[in-house]
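Counting from 1 along the sequence shown, just add 29 to a position and that's the residue number in this note's numbering. Glycine included, each C-beta is placed from N, C-alpha and C at the ideal position. For clarity, every value in this text was computed on a predicted model and none was experimentally measured. Scroll down for the structure; my scribbles are underneath it.
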Amino acid sequence: MKLYYSPGACSLSPHIVLNETGQKFEIEQVDLGTKKTKSGADFLKINPKGYVPALVLDSGEVLTEGPAIVQYLADQKPGSGLAPENGTLARYKLQEWLNFITSEMHKSMGALFSKELDDKGKDVMRGLVARRLAYLDQHLAKNDYVMGKDFTVADAYLFTVLGWGQYVGVDIGKYANVSAYAARIGARPKVAATLKAEGLA
């Protein structure tokens, strides 16, 4: 498998999951501005959507969208415990969390990187993010991870999105449980190794 990524982008999530599961893989960095890969390939021929992550399977097929990729990766290593078994209520709870992270956290936090959004628009987005963080802070007061006691692919994704706060004026430190959670995830050996591999540590 080969993961196309950009340092610190949402592709960090499947990169973490690949390391957590111990699967064999390659990585190649993508310049999201030029849409060129590190080797000079046209990334749009790999993923016409133009953004990361993109995972090229051993069959040559390409899988995109982070929540789909991380579930696929976890299902290749069911013993990893990174995703509950398909068809169980726990699996739908995982999908509930992945949908919350992608629609309520990722899109709102990601919008703050936009140069086209004016200050008023960014204030609206920060207010939305603040409400979601308050919800997460309450949830994490009683849970070590988003699904309870066990680290799952949803944690890899949420950790990635929370990391963007430092770049867009969102102070995660104001939320004690969220801040402690992010530190706990960041201290995991495979997470730390992934951050180092992407030049983020």
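Going straight from the alpha carbon of residue i to that of residue j, what length do you get?
i	j	result
residue 174	residue 183	9 angstroms
residue 52	residue 147	43 angstroms
residue 140	residue 34	19 angstroms
residue 115	residue 149	43 angstroms
residue 67	residue 230	20 angstroms
residue 71	residue 164	41 angstroms
residue 144	residue 61	15 angstroms
On the criterion of 16 or more Cβ atoms from any shown chain inside 10 Å, does residue i qualify as buried, or is it exposed?
i	result
residue 22	The displayed coordinates of the chain run from 30 to 230. Any statement about residue 22 would go beyond what the structure contains.
residue 121	exposed
residue 167	exposed
residue 42	buried
residue 105	exposed
residue 117	exposed
residue 48	buried
residue 128	exposed
Tell me the DSSP bridge mates of residue i?
i	result
residue 60	65
residue 31	55, 85
residue 166	The partner list for residue 166 (beta bridge, DSSP) is empty, contrary to what the question assumes.
Open item on the list: Under 8 angstroms, with one C-beta from each stretch per pair, do the stretch 214-225 and the stretch 155-171 reach the 3-pair mark?
Closed with: no
Open item on the list: Below 8 angstroms, how does it come out for the stretch 184-195 and the stretch 143-153: are there three or more Cβ pairs, yes or no?
Closed with: no
Open item on the list: Taking contact to mean 3 or more Cβ pairs, one atom from each stretch, closer than 8 angstroms, check whether the stretch 134-147 and the stretch 167-181 are in contact.
Closed with: no
- [ ] Mind listing, in chain order, the continuous alpha helix (DSSP H) runs of no fewer than 4 residues lying wholly within the stretch 82-162?
- [x] 95-105, 118-129, 136-140
Task: Continuous alpha helix (DSSP H) assignments of at least 4 residues falling wholly in the stretch 168-218 - done: 182-191, 194-197, 205-215
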